[in-house]
Each structure stands twice: as C-alpha cells, then as structure tokens.
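Visitor: Numbering (our numbering), first residue to last: -17 to 55. All residues carry an ideal CB built from backbone N, CA and C; glycine is no exception.
As structure tokens, then:
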C-alpha cells in the first residue's frame, strides 16, 4: 500500500510543476491532476477490499479440512 502512496506523492509533485510551468488552465495541467486522481481512486479501492476472516485464512492453508468443504447444489 505504501507503494501507491509514493506514486501519489510523485504525481502530486509533477502536477504542481506542470501547472507552474504551463499554467493552471492548460491541458497538461488538467492531465497531470487526472493522473493524481486516478491513483487516489485506486488507493481507495484497495482500502475497500475486505480482509479475510480467520476461517478463510485457515481454509486457504488447509483446503482438505472438513470445515472447508464446498458442496455443489
């Protein structure tokens, strides 16, 4: 997760530099901020993934256990 935070920080710096250079109303500035927003959205999606329960972890390690059997209807 820290990897995506580092990417966000780099894109923020780049967006600020691009906007200072080409102006805040330029297309390059808008594109740079779009890249920042996309990375922030990805970070948000990664946070929303629910963690595995202890049973799910156990079944990952012991798929043959009785508790982990899956029955087809």
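Within the stretch 2 to 34, note down every full alpha helix (DSSP H) run reaching 4 residues or more, in order along the chain.
Guide: 9 to 30
Visitor: Within 10 angstroms of the Cβ of residue 19, are there 16 or more other Cβ atoms? Answer buried if so, exposed if not.
Guide: Its Cβ having fewer than 16 others within 10 Å, residue 19 is exposed.
Visitor: Among 42, 25, 48 and 52, which one has its Cα closest to the Cα of residue -14?
Guide: 25
Visitor: Taking only the alpha-carbon atoms, compute the straight-line gap between residue 2 and residue -12 and give it to the nearest angstrom.
Guide: Looking at the two C-alpha atoms, the distance is approximately 21 Å.
Visitor: Please report the distance separating the alpha-carbon of residue -2 from that of residue -16.
Guide: 21 Å
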